[in-house]
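As structure tokens, the structure follows; a few thoughts come after it.
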Amino acid sequence: MTMDLLSTCSRILNFCLGLGQEREKEKLLVLFDKSTLELAESFERAGRELQGKTHIHELSFGQKHENFPEKAIQVLEDSTEEDAIIILSSVNLIYNLQLHTVISPFTRLKSITARTLYLPPIPIESLNRIMSVNLPEYLEYQELVLNAFKNITKIELRTDGGTEATFRCRTFGYNPYRALNPGSQALFHLGEVWTAIIEDSTEGTLVYDTCLGMGKIHSKLIFQISRGRISSHEIVGKADPVIKTFLKEMFKADEHALIPAELGIGLNPQAQISGCIMEDEMVKGTCHIDFGDNIAFGGANKSNFHGGGIMRNPVLMGNGEKKIEKGQLRLK
Numbered sequence: 001m002t003m004d005l006l007s008t009c010s011r012i013l014n015f016c017l018g019l020g021q022e023r024e025k026e027k028l029l030v031l032f033d034k035s036t037l038e039l040a041e042s043f044e045r046a047g048r049e050l051q052g053k054t055h056i057h058e059l060s061f062g063q064k065h066e067n068f069p070e071k072a073i074q075v076l077e078d079s080t081e082e083d084a085i086i087i088l089s090s091v092n093l094i095y096n097l098q099l100h101t102v103i104s105p106f107t108r109l110k111s112i113t114a115r116t117l118y119l120p121p122i123p124i125e126s127l128n129r130i131m132s133v134n135l136p137e138y139l140e141y142q143e144l145v146l147n148a149f150k151n152i153t154k155i156e157l158r159t160d161g162g163t164e165a166t167f168r169c170r171t172f173g174y175n176p177y178r179a180l181n182p183g184s185q186a187l188f189h190l191g192e193v194w195t196a197i198i199e200d201s202t203e204g205t206l207v208y209d210t211c212l213g214m215g216k217i218h219s220k221l222i223f224q225i226s227r228g229r230i231s232s233h234e235i236v237g238k239a240d241p242v243i244k245t246f247l248k249e250m251f252k253a254d255e256h257a258l259i260p261a262e263l264g265i266g267l268n269p270q271a272q273i274s275g276c277i278m279e280d281e282m283v284k285g286t287c288h289i290d291f292g293d294n295i296a297f298g299g300a301n302k303s304n305f306h307g308g309g310i311m312r313n314p315v316l317m318g319n320g321e322k323k324i325e326k327g328q329l330r331l332k
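According to full-length UniProt numbering, the stretch in the sequence shown is residues 1 to 332, in order.
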């Protein structure tokens, strides 16, 4: 059953930041902008119910939402007394295909002694679904998937939609979503494991027919990949504004935007395809291939672009052995 917002906020503060876990009364700071006021007020109430001393601070940056990291970091660097901080990204950034450039500054914070959680732009209904997951079962399944892909260096990917591709990969990992020790930072992304693709290794066909970084699509977008780079693309079906915008952003970015960069595997059984890529990537039974920048995943491809889309019910072979069939992990 999907949770209500107050329960969701309480669970995030407890699970991701350790608030209320037999600690002394702690100070919690919630950073938000006017688009996330409802969420901020719910976190404020949840923090107080968890015996925290909660303060909310509105960030003001007008229409220039790309200034969000700088404004937030200015406040963070002055926050010397807080035990825990949660940063609510502006909802106006939800379809920003350069979202990685908004997130990455927070991973470089070194002078903050508080436990810090960054919450990307996610609609409230999506957030409620994501946090409805059985957490012990989620952690167990995440570990099973990581173990299944341990020491895997070559991936074969197929889908009923027409994807058929091979590539070499690096170590699988996940974004830390819990900040439980002083000075630690986390990104709320409770739903995937990923690997950085070896940049020149992808060969084959990638088909997107569900959603891209900017929302759901109603036609097929097909990429032919050769030597780790898009060699051609085709749209099958009627004109689709999401596909049009996605391609425009990709091709205007830089030459490295055309390189397959990341394989992600969705883990969260409560997440649904909603058109919000932050939730879509988490859906159990899906995978996604993103293009462009993969530095944060341990890759070597630096780009101003990072984006891709979802593939349903994939078959994933690792080093010649079937690991995932129709989106489900094969257990030995």
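Every residue gets a Cβ at the ideal spot worked out from N, C-alpha and C, and that includes glycine.
Note down the Cα distance separating residue i from residue j, rounded to an integer number of angstroms.
i, j, result
"Leu247", "Lys25", "50 Å"
"Ile273", "Glu164", "22 Å"
"Phe223", "Ser303", "19 Å"
"Leu139", "His189", "13 Å"
"Glu279", "Ile122", "7 Å"
"Phe149", "Glu58", "42 Å"
"Gly213", "Gly307", "6 Å"
"Glu81", "Thr210", "45 Å"
"residue 339", "Asp254", "Examination of residue 339 is not possible in this model, given that the chain is present from 1 through 332 alone."
"Leu187", "Glu321", "32 Å"
"Ile243", "Leu221", "7 Å"
"Pro260", "Phe172", "16 Å"
"Asn319", "Ile152", "6 Å"
"residue 379", "Met282", "This structure cannot speak to residue 379, because the chain is shown only from 1 to 332."
"His233", "Glu137", "40 Å"
"Thr205", "Gly309", "14 Å"
"Gly42", "Ile124", "The sequence shown places Ser at residue 42, not Gly. Taking the straight line joining both Cα atoms gives about 11 Å."
"Asp240", "Gln21", "48 Å"
"Pro176", "Asn301", "21 Å"
"Lys252", "Lys238", "23 Å"
So with Cβ pairs under 8 Å, would you call residue i a contact of chain D?
i, result
"Thr36", "Of the chains in the structure shown, none is chain D; there is only one protein chain."
Would you mind working out which of the options sits nearest residue i, comparing C-alpha positions?
i, options, result
"Lys154", "Ile310, Asn294, Thr195", "Thr195"
"Arg178", "Leu13, Met3, Cys9", "Leu13"
"Gly191", "Thr210, Tyr208, Ala271, Ile225", "Ala271"
"residue 337", "Ser226, Tyr208, Ile225, Arg227", "With the chain covering 1 to 332 only, the question about residue 337 has no answer from this structure."
"Met3", "Asn134, Leu119, Lys27", "Asn134"
"Gln51", "Leu19, Gln74, Asn151", "Leu19"
"Ile86", "Val236, Leu180, Gln21, Lys238", "Leu180"
Cβ atoms of residue j and residue i: under 8 Å apart, would you say?
i, j, result
"Gly161", "Met311", "yes"
"Ile130", "Asn268", "yes"
"Ile198", "Arg229", "no"
"Leu31", "Ala72", "yes"
"Leu117", "Cys276", "no"
"Phe291", "Leu258", "yes"
"Ser90", "Asp33", "yes"
"Val315", "Arg170", "no"
"Glu249", "Ile225", "no"
"Glu49", "Ser10", "yes"
"Val193", "Leu146", "yes"
"Pro182", "Thr245", "no"
"Gly299", "Gln328", "no"
Just to confirm my understanding: we take residue i, look at its own chain, exclude 5 residues before and 5 after, and list those with CB closer than 7 Å. What are they?
i, result
"Ser184", "Arg115"
"Thr45", "Per the sequence presented here, residue 45 reads as Arg, with Thr not at that position. Leu6, listed in sequence order."
"Leu263", "Ile155, Cys169, Trp194, Thr195, Ile197, Cys287, Ile289"
"Arg227", "Asp200"
"His256", "Gly292, Asn301, Lys302, Ser303"
"Val236", "Ser219, Lys220, Ile222"
Where does residue i fall in DSSP's three states?
i, result
"Gly47", "helix"
"Thr205", "strand"
"Met317", "strand"
"Asp290", "strand"
"Ala84", "strand"
"Glu192", "strand"
"Lys53", "strand"
"Cys9", "helix"
"Ser226", "strand"
"Pro121", "coil"
"Arg178", "coil"
"His233", "strand"
"Ile198", "coil"
"Lys322", "strand"
"Val30", "strand"
"Pro260", "strand"
"Lys220", "strand"
"Phe167", "strand"
"Leu247", "helix"
Leaving out the 5 sequence neighbours to the left and right, which residues in its chain are closer than 6 Å to residue i when beta-carbon positions are compared?
i, result
"Gln142", "Leu267"
"Ile56", "Val30, Ala40, Glu44"
"Ile324", "Leu316"
"Cys287", "Ile265, Met311, Pro314"
"Thr8", "Leu127, Asn128, Met131"
"Leu28", "Gly47, Gly52, Thr54, Ala84"
"Tyr174", "Val193"
Excluding the five sequence neighbours on either side, which residues of its own chain have a C-beta within less than 8 Å of the C-beta of residue i, listed in chain order?
i, result
"Leu331", "Leu144"
"Ser231", "Gln224, Ile225"
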